[in-house]
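Only one structure is covered here, and it is reproduced in the block below.
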Amino acid sequence: MVRVYFSFFLILLTFFCSGQSSFKLLKEDLEQKIIYSDFKKALTIINENRENYFGVERNDLDIMKTKILTEFGLYDEAFKLSQNLITNPKITEEQKLKIHVERALIFEINDNSESCLLELGKAETIFFKHPEFKFKNYTNFLIRKSSYYRVNGFSKKAYAVALQAKKYADSVNDKVNMPVVELILGLGNRKRDSDSELRHYNRALYLYKKLNHYEAISSMYNNLSYYYFSRDEYKIADVYIDSAIVISSKSNILNYKADVFKMKSKILEKQNKPDSALFYYKIASDLYKKYNSEQRDLKVREIEIEYDFEKEKSEKQLLEKDIRTTKILNTTLFILILVLGFFTWQIKKNKKKIERQKKKILQNNITLKANVEEKQFLVQELNHRVKNNLAVILSLIDFQKYQAKNKNYKTVFDDLHQRIKTITIAHEFYSYSVNHNDNDLIDVQNYINKIIESHQKSSLRTFEYINDSELIYLNVDKILSLGLLINELVTNSIKHAKPCNNLLVLQIELRKTDNSKIELNYRDNGTVFNIEKKNNSLGLLIIEGMVKQLKGERTREKSNYKIVFPNVRA
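Its first residue numbered 218, the sequence shown is counted upward by one per residue in my numbering.
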């Protein structure tokens, strides 16, 4: 018996160790891919394997994913993932250190120097408490700190921290970060000592070559080309950029390759070779387009992954809830069986009494049916008249619009027509009946679709929309207020939004939050959002009124509009 238990223990131990060894190999493979800028493949591996791991191991994958998303320029997705990590109670101190440093980079890129410095301060506090974390992480932290000072104009501090990073990297033989340190030392000498700048660039290039890091080698050749280009030494610049072009054929990073061809175009332009300059400019332009397309595809993929994750999480929660409910129901059912046995004899006793009352009820039902039919007819007539009256109002507005000669009046009538149309759509979804109940519910997503489709049919401006709303039902009072609110936001986007590619895209998201509220996020891809320029405008008054009627709160950042209101029937 002892042998059986011992064998079973050995099997479990082997399984556990093999699991740990498997993740260790996966992590090492991913770290190598990130070091050598193979971000796309690394992201695919993480997405394929993330659900197989939990706790600390999943956190490691998410930290690497945050870094990859940042490298791809998907800063919103990277920041959101970092927020989830920071608030995760299972995150280790070393993982927290890494994510603080990565968040500092995100804030630096997005010109939020205050938040960047705050994240660096938190990372430094962890180093103070855990000096053992320095060996693998301190050089990268110093690089980030030097970059913060350089970007914010503190060049002397930036250079001093960069020297500190070089000293530490030398002390721990940090071959991965040493080329980056040489690069930032070169950047630090750009305005003070061009010879030192060039020396550090060449040193960085040498170290990257030792690592066979083709993306970095190509980038360093590009930096050296720019160094000579900025000094009007176009022949030498051309030699370096040609080297960069040769190496870039081994690169997977499209924007790096595009930068190289763009630099080549600039050099040829300075050498009075317009045809060749145009040729390389077109190559760079095509690469930038491919890079932007790749970014969009990745963003869509991340949204899909997040949606699937949230859906799976919700389904698991529902399943757990169903299991608990089933246990309660089984217990309740057992008690009910006992109670039903007790009451069975009483049912038999009252059966004769029920038979006597049945005849009386039958007679009452005949009378009641006649009354219901009469009321049903009146209610149908009421619905019909309301529908007709709304149609007449819309026709009168259209007639008045066509009579008006002033363009501003026509716009006012168009807006009024759309507001009445919003009410009409609500009426189509919700018609009074004999069984009318003020708390009868309407599908919000379908209602929003109808409102926007109405705009698409009536507006001279072509636009697309994305209605990424959960399945939510609201009563008529709230649905009407919400409809008028969305109508005003859509109207404003159609009037004022100026997207970069001329195709207006509206995005509406409606979500239930964890605190019994509903969150509406509305945005368009325009660069201008003028809804608050006139504080006395009717559109703004309607928005304020509808938000107040919903008992909600609104916030706005550029073209992003957020309204939160209680998810209760009122």
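Note that the Cβ used here is the ideal one computed from N, Cα and C, for glycine as well.
(message) Taking a contact to mean a Cβ-Cβ separation below 9 Å, would you say K467 touches S435 in this structure?
(response) For K467 and S435, yes; Cβs fall inside 9 Å.
(request) Provide the residue span of the beta strand (DSSP E) that contains Q724, from first to last. (result) For Q724, the uninterrupted beta strand (DSSP E) segment begins and ends at 721-729.
(request) Using alpha carbons as the reference points, say which of V318, N419, L658 lies closest to I360. (result) Ranking the options by Cα distance to I360, first place goes to V318.
(request) Spell out a yes or no on whether the stretch 398-406 and the stretch 373-388 are touching, meaning 3 or more CB-CB pairs, one atom from each, closer than 8 Å. (result) Contact between the stretch 398-406 and the stretch 373-388 is present, with at least three C-beta pairs closer than 8 Å.
(request) Using the Cα positions of V651 and R636, report the straight-line distance between them to the nearest angstrom. (result) Because V651 carries a pLDDT of 49, less than 50, the predicted location of this residue cannot be relied on, and no value is offered for it.
(message) For L557 and L546, I'd like the C-alpha separation in whole angstroms.
(response) Cα-Cα distance, rounded: 15 Å.
(message) Measuring alpha carbon to alpha carbon, tell me which residue in D455, A461, K297, L495 is nearest H430.
(response) For the residues D455, A461, K297, L495, the minimum Cα distance to H430 belongs to A461.
(request) Can you check DSSP and say which residues form a bridge with F324? (result) In the DSSP secondary-structure assignment, F324 is not bridged to any residue.
(request) Compute the Euclidean distance between the alpha carbons of M480 and Y497, then round it to the nearest angstrom. (result) It is roughly 9 Å from the alpha-carbon of M480 to the alpha-carbon of Y497.
(message) Let's see if you can read the secondary structure: which residues bound the alpha helix (DSSP H) around V356?
(response) Here residue 356 turns out to be Thr, not Val, going by the sequence shown. Unbroken alpha helix (DSSP H) run through T356: 351-368.
(message) For S710, report the span of its alpha helix (DSSP H) as first-last.
(response) First-last of the alpha helix (DSSP H) with S710: 693-713.
(request) Pick helix, strand or coil for F680, following the three-state DSSP scheme. (result) Strand at F680.
(message) Taking the straight line between their C-alpha atoms, what separation do you get for T772 and Y690?
(response) In a straight line, the C-alpha of T772 is about 23 Å away from that of Y690.
(message) Run through the DSSP bridge pairs and tell me what T772 is partnered with.
(response) Paired residue(s): K779.
(message) Looking at the strands, I want to know which residues DSSP matches up with Y505.
(response) Answer by DSSP bridge pairing: none, since Y505 is not bridged.
(message) Excluding the 5 residues flanking E736 on each side, which residues of the same chain have their C-beta closer than 6 Å to its C-beta?
(response) Closer than 6 Å at the Cβ level, and outside the excluded window around E736, lie R728, T730, V781.
(request) Report the three-state DSSP secondary structure of D741 (helix, strand or coil). (result) Correct three-state label for D741: strand.
(request) Taking only the alpha-carbon atoms, compute the straight-line gap between N588 and F594 and give it to the nearest angstrom. (result) When rounded, the distance between both Cα atoms is 10 Å.
(message) Would Y425 and L471 be called neighbours here (beta carbons separated by less than 9 Å)?
(response) With a cutoff of 9 Å on beta-carbon distance, Y425 and L471 are scored as not near each other.
(request) Could you spell out the range, first to last residue, of the alpha helix (DSSP H) harbouring L757? (result) Its alpha helix (DSSP H) spans residues 755-766.
(message) Determine whether the beta carbon atoms of N276 and N305 lie at a separation below 9 Å.
(response) The criterion of a C-beta distance shorter than 9 Å is satisfied by N276 and N305.
(message) Check for me: the beta strand (DSSP E) holding L291 runs from which residue to which?
(response) No beta strand (DSSP E) contains L291, which DSSP labels as neither H nor E.
(message) With three or more beta-carbon pairs closer than 8 Å as the criterion, would you say the stretch 548-563 touches the stretch 307-326?
(response) Contact between the stretch 548-563 and the stretch 307-326 is absent, because fewer than three Cβ pairs lie under 8 Å.
(request) Quick one: measure Cβ to Cβ for K604 and I642, integer angstroms, because I've assumed they're closer than 8 Å. (result) K604 to I642, Cβ: 11 Å. No contact.
(request) Flag S776 as yes when its Cβ comes closer than 8 Å to any non-hydrogen atom of the ligand COA, and as no otherwise. (result) This structure simply doesn't include the ligand COA, nor any ligand for that matter.
(request) List the whole-angstrom C-beta distance separating D476 from N419, where the pair is believed to meet the contact cut-off of C-beta under 8 Å. (result) Between N419 and D476 the Cβ distance is about 19 Å, and since that is not below 8 Å, they are no contact.
(request) Can you tell me which of the three DSSP states P306 falls into? (result) Collapsing the DSSP output to three states places P306 in coil.
(request) With a threshold of 16 other CB atoms inside 10 Å of the CB of I458, please say whether the residue is buried or exposed. (result) Buried, by the Cβ-count rule.
(request) Report the residue from N582, L697, S493, Q724 whose alpha carbon sits nearest the alpha carbon of V707. (result) Restricting attention to N582, L697, S493, Q724, the CA atom closest to the CA of V707 is found in Q724.
(request) Report the three-state DSSP secondary structure of L550 (helix, strand or coil). (result) It is helical.
(request) Name the two residues that bound the continuous alpha helix (DSSP H) containing L688. (result) Membership of L688 in any alpha helix (DSSP H) is not indicated, and neither H nor E is assigned to it by DSSP.
(request) Please work out which residues of its chain come closer than 8 Å, Cβ to Cβ, to S330, disregarding the five sequence neighbours upstream and downstream, and give them in chain order. (result) Excluding residues within five positions, the ones whose Cβ falls inside 8 Å are F324, Y365, V368, N369.
(message) In the DSSP assignment, the beta strand (DSSP E) including I659 goes from what residue to what residue?
(response) For I659, the enclosing beta strand (DSSP E) covers residues 658-660.
(request) Counting only the same chain and skipping the five closest in sequence on each side, list residues whose C-beta sits under 7 Å from that of M395. (result) For M395, where only same-chain residues beyond five positions count, the Cβ hits under 7 Å are A386, L424.
(request) Give the secondary structure of I571 by DSSP, where H, G and I count as helix, E and B as strand, and everything else as coil. (result) Judged by DSSP in its simplified three-state form, I571 adopts helix.
(request) Could you tell me whether the Cβ atoms of D843 and N469 are closer together than 9 Å? (result) Residue 843 lies beyond the residue range present for the chain, which begins at 218 and ends at 787; the question has no answer from this structure.
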